[in-house]
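*Asks:* Numbered according to our numbering, the sequence shown spans residues 1 to 153. Think of the CB as a built atom: it goes at the ideal place given N, C-alpha and C, for glycine as much as any other residue. The structure's right below; bear with me while I get my questions together.
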Amino acid sequence: MKNLSKILLALGSLLLSSQLLAAEGGSHAKHAGALISLPAADLQWTDIPGSGGIKYANVHGNLSGKGPYEAFVIFPAGKDNPFHTHSQNLPTVVLKGTFYAVIDGQRVEYPAGSFYNLPARLPHYSGCNKGEDCLLFQYQADHFDLLPQTPKS
């Protein structure tokens with residue numbers, strides 16, 4: 001658990017730092033803003049209603065609100081999402097477990113340590129393989145959404 005805490009803290013710091021530097025004009029920015037420090041033990045997890053056990057812990061902003069956010073997300077082992085899209089890109093880092101996406105009939109698995117950036121409006125299935133919960137770190141420039149789609153026959 002200590003290693004997971006270190007990984008979560010380092011990843012969150014790295015992603016937040018890169019976004020703050022980009023927003024403030026790159027590496028020459030004089031001040032990147034206030035420190036955000038959230039040790040794993042301090043994360044506040046929120047259930048997503050009707051999701052079958054998916055939880056999130058906001059790091060910056062609010063995954064369920066409006067505007068940019070950065071959040072950790074836990075998918076229960078074996079949890080599958082229906083066919084869907086998102087209205088904007090969804091960059092994701094897999095920290096634990098094996099997450100997957102099925103796009104145009106092709107399944108790609110993302111074990112711990114993987115990164116993917118799912119393009120906006122790309123229809124897909126996704127979920128967490130059986131055997132171990134998936135821990136993800138996701139961020140978007142605006143709110144999170146999951147827009148159900150009808151699969152083509």
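Are Tyr-69 and Asn-58 close, meaning C-beta to C-beta below 8 angstroms?
*Replies:* The answer is yes: Cβ separation under 8 angstroms.
*Asks:* Considering only residues of the same chain and omitting the five flanking positions on each side of Ala-112, which have a CB-CB separation below 7 angstroms?
*Replies:* Hits under 7 angstroms: Val-94, Leu-95, Lys-96, Gly-97.
*Asks:* What is the rounded straight-line gap between the Cα of Arg-121 and the Cα of Ser-87?
*Replies:* In a straight line, the C-alpha of Arg-121 is about 6 angstroms away from that of Ser-87.
*Asks:* State yes or no: is the C-beta of Asn-89 nearer than 7 angstroms to some heavy atom of the ligand ADP?
*Replies:* The ligand ADP is not among the ligands present in this structure, which contains no ligands whatsoever.
*Asks:* Within 10 angstroms of its Cβ, does Phe-115 collect 16 or more other Cβ (buried), or is it exposed?
*Replies:* Result: exposed.
*Asks:* For Val-73, does the count of other Cβ atoms within 10 angstroms reach 16, so buried, or fall short, so exposed?
*Replies:* With 16 or more other Cβ atoms within 10 Å, it is buried.
*Asks:* Between Tyr-166 and Lys-79, what straight-line distance do the alpha-carbon atoms span, to the nearest angstrom?
*Replies:* Outside the displayed span of the chain (1 to 153) sits residue 166, for which this structure offers no information.
*Asks:* Measuring straight from C-alpha to C-alpha, what distance separates Pro-49 and Gly-61?
*Replies:* Approximately 19 angstroms between the Cα atoms of the pair.
*Asks:* Assign His-28 to one of two classes, buried (16 or more other C-beta atoms within 10 Å of its C-beta) or exposed (fewer than that).
*Replies:* Confidence at His-28 is low in this model, with a pLDDT of 41, below 50, so its placement is unreliable and the value that follows should be read with caution. Exposed, by the Cβ-count rule.
*Asks:* Alpha carbons only, please: which of Thr-92, Leu-35, Ala-34 is nearest the one belonging to Phe-144?
*Replies:* Closest option to Phe-144, Cα to Cα, is Thr-92.
*Asks:* Once the 5 residues before and after Arg-107 are set aside, which same chain residues still bring their CB inside 7 angstroms of it?
*Replies:* Around Arg-107: Tyr-100.
*Asks:* By how many angstroms is the C-alpha of Ala-34 removed from the C-alpha of Asp-47?
*Replies:* Answer to the nearest angstrom: the Cα atoms are 28 angstroms apart.
*Asks:* Alpha carbon to alpha carbon, how far is Leu-63 from Ala-141?
*Replies:* In a straight line, the C-alpha of Leu-63 is about 11 angstroms away from that of Ala-141.
*Asks:* For the putative contact between Phe-75 and Ile-54, defined by C-beta atoms under 8 angstroms, what is the C-beta separation to the nearest angstrom?
*Replies:* Confirmed, about 6 angstroms.
*Asks:* Under three-state DSSP, which class holds Ala-112?
*Replies:* Three-state DSSP puts Ala-112 in coil, outside helix and strand.
*Asks:* Any idea which residues DSSP pairs Gln-106 with across the strands?
*Replies:* According to DSSP, which records beta bridges pairwise, Gln-106 is partnered with Ile-103.
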